[in-house]
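Structure first, commentary second.
Number of protein chains: 2
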Amino acid sequence: MKVAKQNADKKLTLIDVAIAAGVSAITVSRVINQPEKVSESLRQQVQKAIDLLGYIPNQYASSLASSKSNVIGVAIPSLSNTVFTDVLRGIYDVMGTTGYKVLLVDTHYSPLEEEKMIRTLLSQTPEALIITGGDQTRTCQNLIQKSRVPVVQIMELLNEPLDMNVGFSHWQAGYDVVKHLLDEGYSRIGFIGARMDPRVQQRMQGFKKALEDADKFHKNFIMTTPEPSSISVGGELFKSLLASTNGTVDAVFCANDDLALGALFESQRMNINVPNDLALCGFNDIEASRFVNPSLTSVQVGRYEMGVKAAEMVIARLNGNTDDAKVVDMGYQIKKRQSTSHE
Amino acid sequence: MKVAKQNADKKLTLIDVAIAAGVSAITVSRVINQPEKVSESLRQQVQKAIDLLGYIPNQYASSLASSKSNVIGVAIPSLSNTVFTDVLRGIYDVMGTTGYKVLLVDTHYSPLEEEKMIRTLLSQTPEALIITGGDQTRTCQNLIQKSRVPVVQIMELLNEPLDMNVGFSHWQAGYDVVKHLLDEGYSRIGFIGARMDPRVQQRMQGFKKALEDADKFHKNFIMTTPEPSSISVGGELFKSLLASTNGTVDAVFCANDDLALGALFESQRMNINVPNDLALCGFNDIEASRFVNPSLTSVQVGRYEMGVKAAEMVIARLNGNTDDAKVVDMGYQIKKRQSTSHE
DNA sequence: AACGCAAATGATTGCGCTATCATTTATCTT
DNA sequence: AAGATAAATGATAGCGCAATCATTTGCGTT
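As you go down the protein sequences, you meet chains D and E in turn.
In the working numbering, each number is its position in the first sequence, counted from 1, plus 7.
In the working numbering, each number is its position in the second sequence, counted from 1, plus 7.
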């Protein structure tokens, strides 16, 4: 095997490997992409050259020539929210076992930023997109449909998905939480919510409808803020809600567990007994909810599983399985714990 | 402006836009990449064609022709750990304002997987890499250096960085935590740690040295597990530590805040008073530590800022500022709270 | 041993774009 | 107003690879 003297500054190409291995360029390409088409002996000879030179194929040239990018574009609204990073982990774990790469963008909960980011994703000619929710701009949705790229919209169930859809009904979950609280004997039920993204809005609407159905809805029992959600904000909203209800609220549905923890820690400081004086229910069922004292009732959602499912749907589609379900309801489960159960 | 009848199945290229706008392909390219080089009138004319057709440039062709990918490769060990997603957010927030795209991979704390993933990243001819820590395989480090791509290693300070380095001394932080606990009058100090990645190991070594210096080190006061860290595991490790020390431990340095919360919640259930019977100190200073009751002493680290800094260093380098600092110590701060302070 | 067929390998071309250099048009100088 | 310079636009070639088709080699059959 002759090793061409390699200018250290010049990047290695297929040709360099081909020369080193004494074969044609296309044979090297085959060794990399379709090794079964190359005889055992040649394959080893070429592989040796690849390893020796430390050759790494140029993905751009490959993608351009084959019009296959092996890229899956993913758009999520936030990187600091465990809800999305859990889903992401599911996506990465599935994609990692295939040849696909994940190109991730953070839309910061803004449809306009999302549109910009999805342009970026589309310029990579992705094999598929996984995007969050359904509140893309019209332009953005047009771009996606025009590109004819398979899309999965995740996190929530949509009335008119662009293509595939994995999620659950936030509205129904909100409704069910209130039913649970009513069942437990609470009747002056409040809601605190932050960020107020579409999914939080839906939970709130479900909350509202359930109380209206029970004839127990009061406008001043809702306290929200456009600020990002956090434990700190949960404490603040809780105090505001107490003020707004003159301390008469006896249960609070918190739009997520961070808010619920904030409310819980704050009530501890105020010597309000949870659950005897006040019930608290969160959403998402993060780990802390299960272990905090009292343990927090919350709505468990298979986030990781949702990511896995979305990734699997994408892969199935890319493998040509066009008859698989296009919409998957992941459901949810209310985890009833100490914080909503009178002693 | 004549619009060529566009076969809906065929993807749009520069040429299509050029024909539609009645100009040459290169002019369209300029409108996109160097608009200042095109006259105002022509620029508008071309932009109109771009918008009308919904043209999105093919990034692969562009990168191949220009040998500029505008991709920054990022490798982190875990997506489920807020420590890394906070850093990531810093990276994304900076990169989002530039033209760079972030290609993210998850190494699952495995150097072998990391090597594989970094091959993937390198095949995208990234402009730079941001990778975690210094325990890459030798092969992996060779690949990186051979590629001559700027690299920032983040999260910890390294003895021999490959190139740039942003982090802080986990060893020193561990040492300082013990000093704080000793200062507060605790003397039978234990350690619990999970996952035991290099950084946790360093904190533990700092812990050990500080106790040895004070002549107070006992082997059975360390309790670790290779399992991933969690609140649940924190509770378990804490119980094990109590058993191992016959309940004589009076302070626990927890390798991170999840473990500390687990230990705290468990001690609440066991009616152990924190901080009077037992001090607890965490690491990372996540939001819950500040709000839980009693509030948890922890080591605050500028994670988001570390991501921002790493991204800025990359950008500075890519802009040709070669004389900037290659190593940045982000430092840390021990946040002294209720959990380590006798009443 | 001659033939046919399959498997293995190679030569050519083009993916869509931008670098480079060439050409044309506008603007300035004295 | 002629020449010089700058600004705007275009023509050509090639980035590194894989699709396609062509050629060679190996192997079994009778």
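Heads up, the beta-carbon is just placed ideally off N, CA and C, and yes, glycines get one too.
Everything numeric in this text was worked out from a predicted model, so none of it was measured.
With 16 other Cβ atoms within 10 Å as the buried cut-off, status of residue i
{"i": "residue 8 of chain E", "result": "Here residue 8 of chain E scores only 39 on pLDDT, less than 50, and its place in the model should not be relied on; the value that follows carries that caveat. Burial call: exposed."}
{"i": "residue 266 of chain E", "result": "buried"}
{"i": "residue 155 of chain D", "result": "exposed"}
{"i": "residue 23 of chain D", "result": "buried"}
{"i": "residue 12 of chain D", "result": "With a pLDDT of only 40 at residue 12 of chain D, under the threshold of 50, the placement of this residue in the model should not be trusted; the figure read from the coordinates follows. The residue is exposed, with fewer than 16 neighbouring Cβ atoms inside 10 Å."}
{"i": "residue 317 of chain E", "result": "buried"}
{"i": "residue 129 of chain E", "result": "buried"}
{"i": "residue 15 of chain E", "result": "Any answer about residue 15 of chain E is weak, because its pLDDT of 47 lies below 50 and its placement is not dependable; what the coordinates show is given next. By the neighbour-count rule (16 or more Cβ atoms within 10 Å), residue 15 of chain E is not buried but exposed."}
{"i": "residue 249 of chain E", "result": "buried"}
{"i": "residue 276 of chain D", "result": "exposed"}
{"i": "residue 233 of chain E", "result": "exposed"}
{"i": "residue 59 of chain D", "result": "exposed"}
{"i": "residue 119 of chain E", "result": "exposed"}
{"i": "residue 122 of chain E", "result": "buried"}
{"i": "residue 226 of chain E", "result": "exposed"}
{"i": "residue 222 of chain E", "result": "exposed"}
{"i": "residue 33 of chain E", "result": "exposed"}
{"i": "residue 192 of chain E", "result": "exposed"}
{"i": "residue 42 of chain E", "result": "exposed"}
Residue i versus the options, residue with shortest Cα-Cα distance
{"i": "residue 311 of chain D", "options": "D:75, D:98, D:190 and D:342", "result": "D:98"}
{"i": "residue 92 of chain D", "options": "D:105, D:111 and D:34", "result": "D:111"}
{"i": "residue 51 of chain E", "options": "E:62, E:28 and E:63", "result": "E:28"}
{"i": "residue 228 of chain E", "options": "E:241, E:268, E:245 and E:47", "result": "E:245"}
{"i": "residue 210 of chain D", "options": "D:243, D:176, D:137 and D:59", "result": "D:176"}
{"i": "residue 298 of chain D", "options": "D:344, D:208 and D:56", "result": "D:344"}
{"i": "residue 61 of chain D", "options": "E:231, E:317, E:242 and E:149", "result": "E:149"}
{"i": "residue 243 of chain E", "options": "E:269, E:318 and E:322", "result": "E:269"}
{"i": "residue 125 of chain D", "options": "D:224, D:238, D:82 and D:101", "result": "D:82"}
{"i": "residue 133 of chain D", "options": "D:348, D:76 and D:57", "result": "D:76"}
{"i": "residue 334 of chain E", "options": "E:162, E:127 and E:236", "result": "E:162"}
{"i": "residue 85 of chain E", "options": "E:78, E:94 and E:79", "result": "E:94"}
{"i": "residue 278 of chain E", "options": "D:324, D:57, D:281 and D:300", "result": "D:300"}
{"i": "residue 89 of chain D", "options": "D:314, D:349 and D:342", "result": "D:314"}
{"i": "residue 330 of chain E", "options": "E:64, E:170 and E:131", "result": "E:170"}
{"i": "residue 258 of chain E", "options": "E:38, E:348 and E:138", "result": "E:348"}
{"i": "residue 237 of chain E", "options": "E:290, E:193, E:160 and E:219", "result": "E:290"}
{"i": "residue 136 of chain E", "options": "E:292, E:173, E:116 and E:115", "result": "E:173"}
{"i": "residue 220 of chain D", "options": "D:57, D:208 and D:194", "result": "D:194"}
{"i": "residue 342 of chain E", "options": "E:303, E:319 and E:321", "result": "E:303"}
{"i": "residue 235 of chain E", "options": "E:79, E:87, E:80 and E:31", "result": "E:87"}
Opposing strand residues paired with residue i [DSSP bridges]
{"i": "residue 172 of chain D", "result": "D:160 and D:334"}
{"i": "residue 147 of chain D", "result": "Note: residue 147 of chain D sits in no beta bridge, so no partner."}
{"i": "residue 113 of chain D", "result": "D:83"}
{"i": "residue 108 of chain D", "result": "D:78"}
{"i": "residue 45 of chain D", "result": "DSSP, once it has assigned bridges, lists no residue as partnering residue 45 of chain D."}
{"i": "residue 39 of chain E", "result": "Answer by DSSP bridge pairing: none, since residue 39 of chain E is not bridged."}
{"i": "residue 197 of chain E", "result": "E:259"}
{"i": "residue 306 of chain D", "result": "D:341"}
{"i": "residue 138 of chain D", "result": "D:82 and D:160"}
{"i": "residue 230 of chain E", "result": "E:199"}
{"i": "residue 291 of chain E", "result": "E:307"}
{"i": "residue 286 of chain E", "result": "E:258"}
Chain-ordered residues of the segment 129-159 of chain D with a beta carbon less than 8 Å from chain E: 129, 130, 131, 132, 149, 150, 153 and 154
Taking a Cβ distance cut-off of 7 Å, strictly less, list which residues of the segment 250-275 of chain E are near chain D, in chain order. 268, 269, 272 and 275
Inspect the CB distances between the segment 153-170 of chain E and the segment 183-203 of chain E and report whether three or more fall short of 8 Å. no
Below 8 Å, how does it come out for the segment 249-269 of chain E and the segment 127-145 of chain E: are there three or more Cβ pairs, yes or no? no
Members of the segment 53-67 of chain E near chain D, C-beta cut-off 9 Å: 61, 63, 64, 65, 66 and 67
Count Cβ pairs between the segment 55-75 of chain E and the segment 275-288 of chain E that sit closer than 8 Å; are there 3 or more? no
May I ask you to list, following chain order, the residues of the segment 287-304 of chain E that have a beta carbon less than 7 Å from some beta carbon of chain D? 294, 295, 298, 299 and 300
Output needed in chain order: residues of the segment 218-248 of chain E with a Cβ under 9 Å from some Cβ in chain D. 237, 238, 239, 241 and 242
Near-chain D residues of the segment 188-202 of chain E (beta-carbon distance less than 8 Å), N- to C-terminal order: none
Could you say if the segment 41-59 of chain D and the segment 95-109 of chain D meet the contact criterion of at least three C-beta pairs nearer than 8 Å? no
Interface positions of the segment 31-44 of chain D facing chain E (Cβ-Cβ less than 7 Å), listed along the chain: none
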